[in-house]
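Accompanying notes for the structure given below.
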Amino acid sequence: MKEKLPKIFLVLFLILIAVNIGFLDWWIINHRKEEPEKETPLRPSTSLGTMEGQAETCSEECRQLIDQKVSEAREKIPTQKPVKVVNQLPASNPVASTKVTYLPLIAEGTTTETNWTDIAASDFYFNLADYPGAKEVRFIASLQALHGSAKVEARLYDQTNKRGVDYSELETKNDAYTLIESSGIVIWRGNNKYSVQLRSANGTRVLLKEARLKVIF
C-alpha cells in the first residue's frame with residue numbers, strides 16, 4: 025500500500041495540472057471574445073497621390089471638356105416660347121342710348137313789352153302721360169336782344185293752372201340769335217294748355233325763333 029501512494033499522488037497532481045491548463049485556456053478564449061477589435065487606421069496608398077497629381081495635370085483639359093458638354097446639353101434643351109397673357113376685361117353692360125323727341129311750338133315771335141306777353145298763335149296742349157317713359161322735358165328757343173342793349177327773356181306759361189312753368193326761363197343780352205336750352209321743367213299732371221311768353225328789361229326789342237320742347241327718354 026505504501027508503495028502505491030506515490031503513484032496515486034503523482035496521478036492526482038497531473039490531473040490538477042491538466043484541469044488548471046484547461047481552465048486557463050477557457051478563460052483566455054472568453055476574454056478575447058469580449059475585447060473589441062481595434063480598428064487598424066487606413067493609410068493613404070501611394071496610388072492616390074499619383075491620381076491627385078494626374079488630376080492637377082489634366083484639370084484644364086477636364087474643364088474644357090465639361091464646358092463643351094454643358095454647351096451641347098443646353099443646345100438640346102427645347103426653348104420655350106414666351107406665353108402671352110391676355111387680360112380679359114369684364115363684360116360691360118351696353119349703355120342704353122338716350123331717346124329724344126322734339127315738339128315744335130312756334131317759328132318766330134317778337135315784343136318790346138317789359139311785362140310777360142303771350143306770343144300770338146303760340147298756344148298748345150301738352151300731357152306728359154302721352155309720353156310714357158319720359159324722364160325730362162326742356163324748353164329750347166333762339167333769342168336775340170336787338171342792338172344788345174338789355175336783357176331779354178322767354179318762358180312757358182301754364183294757362184290751365186295760371187302759372188309760369190318752373191325752370192323754363194331763357195335769357196340773353198346777345199345782339200345775335202343765341203340757341204338756349206333750359207334745365208328740366210316742371211310739368212303738372214293732366215292735359216294742360218300752354219303758351220310762349222316774352223319780355224324785355226327796358227323796352228329793347230326781343231326776337232324769338234324756333235321754339236320747341238325737348239322730351240328726353
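Residues 25 to 241 (our numbering) make up the sequence shown, in order. In this text, a Cβ means the ideal position worked out from N, Cα and C, and glycines have one as well.
Item checked: Beta bridge counterpart(s) of T138 as assigned by DSSP -> Here residue 138 is taken as the residue at index 114 of the sequence shown, counted from 1. T138 pairs with nothing; no bridge assigned.
Item checked: Buried/exposed call for G46, threshold 16 Cβ in 10 Å -> Position 22 of the sequence shown, counted from the start, is the residue given in the question as residue 46. By the 10 Å Cβ count, G46 comes out exposed.
Check: Buried or exposed: Q221, going by 16 or more other Cβ atoms within 10 Å of its Cβ?
Finding: Against the sequence shown, residue 221 aligns to sequence position 197. Q221 comes out buried.
Notebook entry, point to check: How many Å lie between V239 and A225 at the Cα?
Noted result: Locating residue 239 in the sequence shown gives position 215, counting from the first residue. Locating residue 225 in the sequence shown gives position 201, counting from the first residue. Cα-Cα distance, rounded: 30 Å.
Note to self: Which of the three DSSP states is assigned to G46 in this structure?
What the structure shows: Position 22 of the sequence shown, counted from the start, is the residue given in the question as residue 46. Looking at G46 - three-state DSSP - the assignment turns out to be helix.
Next item on the list: Look up F241 in the DSSP assignment and say whether it is helix, strand or coil.
Entry: Against the sequence shown, residue 241 aligns to sequence position 217. Three-state DSSP puts F241 in coil, outside helix and strand.
Notebook entry, point to check: Taking one C-beta from the stretch 160–167 and one from the stretch 196–210 each time, how about it: are there three or more such pairs within less than 8 Å?
Noted result: yes
Check: Do you know offhand how far Y149's Cα is from T135's?
Finding: Locating residue 149 in the sequence shown gives position 125, where the first residue counts as 1. Locating residue 135 in the sequence shown gives position 111, where the first residue counts as 1. One C-alpha to the other measures close to 23 Å.
Next item on the list: Would you kindly report the start and end of the unbroken beta strand (DSSP E) that includes A144?
Entry: Counting from 1 along the sequence shown, the entry for residue 144 is found at position 120. Careful: A144 lies outside any beta strand (DSSP E) and carries neither H nor E.
Notebook entry, point to check: Among the residues of its own chain, which have a CB less than 7 Å from the CB of W212, if the five just before and after it don't count?
Noted result: For the purposes of this step, residue 212 is taken as residue 188 along the sequence shown, with counting starting at 1. D182 and N185.
Notebook entry, point to check: If we call anything under 8 Å between Cβ atoms a contact, is Y201 one with K233?
Noted result: Taking the first residue of the sequence shown as 1, we reach residue 201 at position 177. Taking the first residue of the sequence shown as 1, we reach residue 233 at position 209. Yes, the Cβ-Cβ distance between Y201 and K233 is below 8 Å.
Check: So N215 packs on N139, CB below 8 Å; how close in whole Å?
Finding: For this step, residue 215 is matched to residue 191 along the sequence shown. For this step, residue 139 is matched to residue 115 along the sequence shown. About 28 Å separates the two Cβ atoms, so there is no contact after all.
Next item on the list: Using only alpha-carbon positions, find the residue among G133, D154, R229 and S83 that is nearest to P219.
Entry: Looking up residue 219 in the sequence shown gives position 195. The sequence given here places Ser at residue 219; Pro does not occur at that position. Residue G133 is the option with its Cα nearest to S219.
Check: By Cβ distance below 8 Å, which residues in the same chain neighbour P68 in space, the five residues on each side in sequence not counted?
Finding: Start at 1 with the first residue of the sequence shown, and residue 68 comes out as number 44. Confidence at P68 is low in this model, with a pLDDT of 48, below 50, so its placement is unreliable and the value that follows should be read with caution. None.
Check: If you follow the beta strand (DSSP E) that T202 is part of, which residue opens it and which one closes it?
Finding: Taking the sequence shown and counting its residues from 1, one reaches residue 202 at position 178. Residues T202 to E205.
Check: Ends of the beta strand (DSSP E) at E177?
Finding: Residue mapping note: residue 177 aligns to position 153 of the sequence shown, counting from 1. Taken as a continuous stretch (DSSP letters only), the beta strand (DSSP E) holding E177 covers V176 to D182.
Note to self: Could you give the first and the last residue of the continuous beta strand (DSSP E) run that contains A165?
What the structure shows: Translated into positions along the sequence shown, residue 165 becomes position 141. Residues E160 to A169.
Next item on the list: Under 6 Å Cβ to Cβ from D142, same chain only, skipping five residues before and after it: list those, please.
Entry: Indexing the sequence shown from 1 puts residue 142 at position 118. Around D142: S219 and Q221.
Next item on the list: Spatial neighbours of D147 within its chain, please: CB distance less than 8 Å, with the 5 preceding and 5 following residues excluded, ordered by chain position.
Entry: Numbered from 1 along the sequence shown, position 123 holds the residue referred to as residue 147. Counting only Cβ-Cβ distances below 8 Å, and skipping sequence neighbours, we find Q183, K217, Y218 and S219.
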